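**Student:** In my numbering, the protein residues as written are 2 to 500.
Built from N, CA and C at the ideal position, the CB exists for glycine as well.
On a predicted model such as this, the values are computed, not experimentally measured, just so you know.
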């Protein structure tokens, strides 16, 4: 087992958080096996995000559409495991685009439309032209981190798509074409504006220069302005059903409000809706459904600024869930199901442990180095679960059918460093999710985890019985009794309800 760092136990209103399941995980390379998929489904995940790249399905230009449906196998595995696929479409063939990640500039847009229509038709479940078994896919996400600007990357590779800077209007046309093609095949499909990084900007004046990178701050607003100017009169405007953004805890300080409000994910979603989805007198998409198609916290490697551990990572899923549901997020996808990023032997920071499961391949690559770059990482059997998978299971089990009520005030929690969110369970009872927050990224060496005391009574939990059931982030449950109960709140969330 790896060592871990210990810590103390067009409408204008944002849509309400939906009831029902909302967790998913990103699948990569060898994740399409029962050992991975069954663990995700068993942990309460309902979605699996997977990549479908045009260049592998139509690698050659034969003059007319000619598809090699290599996507059938992975999609079949996901559906058989009881997970709903979210298909992330990108990766253009060399005959269609100069850059696989960028605008379609070597072929007519009609070829892209033909591909998307055939793709959605194959997986619309109507029994006509379907893949074997007629699987039905609802969500189609067009592009991945397309706010990446290759001209500002300094050699950094893209993350699937690269329409930032000069390609903004091209992405708008590309999205519109995909939307129209998908709806022609399946009018009930839901088209997702590809998840934008919306961090590491090169062109935001008040952004932390230590976090700068190749992403275009003005991307989303300019795509929407282009679409509105060119096609706003068309009934399909804005040409997507769900907006999507990515959230990584390391960059939270750029979005935090005044504690305990609008922290991290909540602050980023609020800023994104306000700054990108509304143009006064032009359009108001603030009420558009929003998904977080990537969110994560690494379990390794630590560096001089940040402690990373599996224990710290496990504190994060419940925090994501509570914050996302409070912000009206439709679904949240953890990146990724398993550890995959193999780095360089002499550079520990190039190895990244985002996964909910440990990977034998990455461990064996570490062991092949003269000295392991992450000596605490150990894998006995491929696809071993980390504690974070248990944290996903706990949050999913307790929150999947709960409705967000409100965030408790600092007066109610007793500290501005305590975040507490109250939900109403399907049976009508209250459930409070509470955790402390330092105001910095998890693991920051300058801000170690803190604890606070919080009093629970009838004003916090309606239907007070004099007993509360407290579930920790890994599922352990304890019952406490009293006219009011004082609990210690730490970095990892606890889930409290009347017993």
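#1: Taking 8 Å as the threshold (C-beta atoms), are residue 308 and residue 444 in contact?
#2: Verify whether the separation of the beta carbon atoms of residue 263 and residue 257 is less than 8 Å.
#3: Please state whether DSSP places residue 99 in a helix, a strand or coil.
#4: Under a three-way DSSP split, which group does residue 454 fall into?
#5: Check whether chain B comes within 8 Å of residue 233, counting only Cβ atoms and requiring the distance to be less than that.
#6: Should the region 29-40 be regarded as contacting the region 378-385, the criterion being three or more beta carbon pairs within less than 8 Å?
#7: DSSP three-state call for residue 335: helix, strand or coil?
#8: Using three-state DSSP, classify residue 40 as helix, strand or coil.
#9: What span of residues does the alpha helix (DSSP H) with residue 223 cover, start to end?
#10: From the DSSP secondary-structure annotation, give me the bridge partner or partners of residue 488.
#11: Enumerated in chain order, which unbroken segments of the alpha helix (DSSP H) with a length of 4 residues or greater are wholly contained in the region 307-393?
#12: Where residue 364 and residue 315 are concerned, what is the direct C-alpha to C-alpha distance, given to the nearest angstrom?
#13: Mind reading off the beta-carbon distance from residue 497 to residue 433? Whole number of angstroms is fine, and I expect it under 8 Å.
#14: Just the C-alpha distance for residue 141 and residue 117, rounded to the nearest angstrom, thanks.
#15: So, using beta-carbon positions, are residue 322 and residue 333 closer together than 8 Å?
#16: Got a sec? Which residues, its chain only, sit under 7 Å from residue 54 by beta carbon, not counting five neighbours each side?
#17: Give the DSSP bridge partners of residue 140, in chain order.
#18: Decide if residue 234 is buried, meaning its Cβ has at least 16 other Cβ atoms within 10 Å, or exposed.
#19: Which of the three DSSP states, helix, strand or coil, is assigned to residue 3?
#20: I need the boundaries of the beta strand (DSSP E) containing residue 81, first residue and last residue.
#21: Please work out which residues of its chain come closer than 6 Å, Cβ to Cβ, to residue 397, disregarding the five sequence neighbours upstream and downstream, and give them in chain order.
**Tutor:** In terms of the structure at hand:
#1: yes
#2: Result yes, Cβ atoms of residue 263 and residue 257 sit closer than 8 Å.
#3: coil
#4: strand
#5: Reference to chain B is not applicable here, since this structure consists of a single protein chain.
#6: yes
#7: strand
#8: helix
#9: 220-232
#10: Residue 488 pairs with 455.
#11: 311-315, 317-327 and 361-368
#12: Cα-Cα distance, rounded: 20 Å.
#13: 5 Å
#14: 10 Å
#15: yes
#16: 91 and 92
#17: 87 and 191
#18: exposed
#19: Any reading at residue 3 is ruled out, since the residue's pLDDT is 29, under 50, leaving its predicted position unreliable.
#20: Note, residue 81: premise wrong, no beta strand (DSSP E); alpha helix (DSSP H) at 73-81.
#21: Taken in chain order, the residues that qualify are 24 and 45.
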